[in-house]
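Undergrad: Numbering (the working numbering), first residue to last: 41 to 212. Glycine included, every Cβ here is placed at the ideal spot set by N, Cα and C. Treat the numbers as computed from the prediction; the structure is a model and nothing was measured.
1) Between the C-alpha atoms of residue 78 and residue 70, what's the straight-line distance to the nearest angstrom?
2) Taking the C-alpha atoms as reference points, what is the distance between residue 55 and residue 91?
3) With distance defined between alpha-carbon atoms, name the residue in 203, 80, 209 and 63 nearest to residue 95.
4) Output needed for residue 44: all residues of its chain with C-beta closer than 6 Å, excluding positions within five of it in sequence on either side, in chain order.
5) My output table needs one value for residue 200: the three-state DSSP class, helix, strand or coil.
6) Considering just the uninterrupted stretch of the beta strand (DSSP E) at residue 64, what are its terminal residues?
7) For a test of the three-state rule: what should DSSP assign to residue 120, helix, strand or coil?
8) Can you list, in chain order, the residues of its chain whose CB lies under 6 Å from that of residue 145, leaving out five sequence neighbours each side?
9) When the Cα of residue 67 is compared with those of 111, 100 and 53, which residue comes out closest?
10) Going along the chain, which residues of its own chain have a beta-carbon closer than 6 Å to the beta-carbon of residue 113, five neighbours each way excluded?
11) To the nearest angstrom, how far is it from the Cα of residue 134 to the Cα of residue 93?
12) Since residue 44 is in the beta strand (DSSP E), which residue starts that stretch and which ends it?
13) Can you tell me whether residue 203 is buried or exposed, with buried defined as 16 or more other CB within 10 angstroms of its CB?
14) Between which two residues does the beta strand (DSSP E) carrying residue 54 extend?
15) Using a Cβ-Cβ cut-off of 6 Å (strictly less than) and excluding sequence neighbours within five positions of residue 48, which residues of its own chain qualify?
16) Inspect the beta-carbon positions of residue 128 and residue 82 and report whether they are closer than 7 Å.
17) What does DSSP give as the partner residues of residue 90 in its beta bridges?
So this is what it looks like as structure tokens:
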């Protein structure tokens with residue numbers, strides 16, 4: 041069985057998503073509609089989305105400004121497909137999102153093997169409840185024995201070279 045969701049931006053500019061959970065789903069301005077769209081250009085009972093077997097269809101309910109799917113006016117009924125754009129009147133655009141039941145029952149992904157610190161810092165973050173409670177980020181590598189001597193050598197070698205060149209060149 042597939043599920044249909046309608047995505048849109050409400051009158052406050054907020055992205056919304058509504059599930060079509062009944063066999064007959066009315067879009068309109070009227071408070072009793074399944075999806076109330078309080079916009080100018082939307083009729084009281086504007087359009088209806090119906091489940092037809094595995095598919096969803098839309099029909100205009102005699103609205104003043106019409107209903108379009110992907111820019112084409114709906115005359116009679118029109119089968120909806122994932123990604124379709126529904127224009128309700130001249131002021132609201134709804135995006136159709138159809139997912140099948142298989143999309144909701146996928147097997148969980150196996151846990152990824154531990155990665156190096158460099159890979160962790162550049163990899164996208166993926167959170168899974170089971171992995172996040174037991175996973176740990178490896179601590180940064182500490183300086184090896186004598187590692188601090190390497191820093192002094194890196195600082196003193198250029199200074200010594202400058203001093204020797206100045207002395208040999210007669211500058212001191």
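TA: Let's see:
1) 8 Å
2) 25 Å
3) 63 is the residue among 203, 80, 209 and 63 whose C-alpha sits nearest the C-alpha of residue 95.
4) Non-local beta-carbon contacts of residue 44 in its own chain, meaning distances under 6 Å to residues more than five positions away in sequence, involve 60, 96 and 138 in chain order.
5) Three-state DSSP puts residue 200 in a helix.
6) 64 to 68
7) coil
8) Reliability of the predicted coordinates at residue 145 is poor, the pLDDT of 46 falling under 50, and the value obtained from them is presented with this limitation in mind. Hits under 6 Å: none found.
9) 100
10) 106
11) If I take the Cα positions, the gap works out to 22 Å.
12) From DSSP, the beta strand (DSSP E) with residue 44 extends over 42 to 49.
13) exposed
14) Where residue 54 is concerned, there is no enclosing beta strand (DSSP E), given that its DSSP letter is neither H nor E.
15) 56 and 134
16) yes
17) 64 and 97
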